[in-house]
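K.L.:
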Amino acid sequence: MITYRATLDVSRDLVRHVATLLAAERRRRGTRADTRALTCFGQAVLVLRWFRDRTDPTALARDHHISRATAYRYLDEAIAILADQAPDLHQCLRHAQTQELPHLILDGTVIATDRCREKTTSVKGEPIDLWYSGKTHHHGGNLQALFAPDGMPLWVSDVEPGSIHDLVAARTHVLPALYPACARGLPVLADAGYDGAGLGVRTPARQPADGNILDVDTRTRNMLLRALRCLGERGFALLTQRWRTLQRITASPSKIGDIARAALVLTHFEHGRLI
5 MITYRATLDV SRDLVRHVAT LLAAERRRRG TRADTRALTC FGQAVLVLRW
55 FRDRTDPTAL ARDHHISRAT AYRYLDEAIA ILADQAPDLH QCLRHAQTQE
105 LPHLILDGTV IATDRCREKT TSVKGEPIDL WYSGKTHHHG GNLQALFAPD
155 GMPLWVSDVE PGSIHDLVAA RTHVLPALYP ACARGLPVLA DAGYDGAGLG
205 VRTPARQPAD GNILDVDTRT RNMLLRALRC LGERGFALLT QRWRTLQRIT
255 ASPSKIGDIA RAALVLTHFE HGRLI
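Going by my numbering, the sequence shown runs without a break in its numbering and finishes at 279.
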């Protein structure tokens, strides 16, 4: 076996922040001193290695001289603690109104997972894989998110199976709280997949089915909406490119929401955008 040096490209302040949250949880549980295999700082390094580089838990266990089961337990514990720090939807909307943001961006993505054989019935009455996304042509979990005008992610929803359409997921997790905010003058920009979302959600007009061309005013409106909304793509890139574990989840798909919210907390800390 060959050993080598490596550098974890996160700030020491972030490691300390995660370690502080872990220490607070240990105190809450009444964990006695020197009864854990790793210190809070060591556990924070293990967790950030997994988020940043998708390091296999078996390798994490080996490098930190703990068992594989303990590595998984430490990961699950830290994910739950970090996810609990994420702002909920109402906090996000209050923040947007307090900061007088001109608009928010609503978008969805599918986080890839390993194949899951859980079945459901399609709208055509045919059996399909519940977690298979026809949009991306792979298994995954559907996440909805709200972004600031500059693309900074502000809030991430719980996960829905990949077979669920963005609009259906948004109606479950986002739209009921968005409507009052939109009525108070906070518009939300979204892509054509959210067409029909309702009050305050601005989407591009679709091309007429009869082959006619949209008038110049409508085309200009579509162009402006797309120019503003495309920054929402930056938000998902901030999460998935910085925290590579979100590029493909090998854990249970039901954990995707917590993992994404934990990554959101890490992103907010790095950018000094705590809500």
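Ideal Cβ positions, reconstructed from N, Cα and C, are used throughout, including at glycine.
Does the beta-carbon distance from residue 132 to residue 146 come in below 8 Å?
P.N.:
No, the pair does not count as a contact, with Cβ atoms beyond the cut-off.
K.L.:
Enumerate in chain order the residues of its own chain whose CB-to-CB distance from residue 246 is below 7 Å, with the five nearest sequence positions on each side excluded.
P.N.:
The residues are 271.
K.L.:
Taking C-alpha atoms, which residue in 267, 211, 108 and 114 lies nearest to residue 234?
P.N.:
The candidate whose alpha carbon is nearest that of residue 234 is 108.
K.L.:
In whole angstroms, give me the CA-to-CA distance for residue 116 and residue 253.
P.N.:
Roughly 6 Å separates the two Cα atoms.
K.L.:
Measure from the C-beta of residue 7 to each C-beta in chain C and report whether the shortest distance is under 8 Å.
P.N.:
The structure shown contains no chain C; it is built from a single protein chain.
K.L.:
Rounded to a whole number of angstroms, what is the C-alpha to C-alpha distance between residue 274 and residue 18?
P.N.:
Straight-line Cα distance between these residues: approximately 7 Å.
K.L.:
Compute the Euclidean distance between the alpha carbons of residue 21 and residue 43, then round it to the nearest angstrom.
P.N.:
Approximately 14 Å, taken between the alpha carbons.
K.L.:
Could you tell me whether the Cβ atoms of residue 232 and residue 243 are closer together than 8 Å?
P.N.:
Against a cut-off of 8 Å, the Cβ pair of residue 243 and residue 232 comes out as no contact.
K.L.:
Between residue 78 and the rest of its own chain, which residues show a CB-CB distance below 8 Å, the 5 nearest in sequence each way excluded?
P.N.:
Taken in chain order, the residues that qualify are 42, 47, 50, 51 and 70.
K.L.:
Give a yes or no on whether the C-beta atoms belonging to residue 187 and residue 194 are separated by under 8 Å.
P.N.:
No, these two residues do not count as a Cβ contact at 8 Å.
K.L.:
Using only the alpha-carbon positions, how far apart do residue 261 and residue 57 sit?
P.N.:
About 19 Å.
K.L.:
Using a 10 Å radius around the Cβ and a threshold of 16 neighbouring Cβ atoms, would you call residue 164 buried or exposed?
P.N.:
When all chains shown are included, residue 164 counts as buried.
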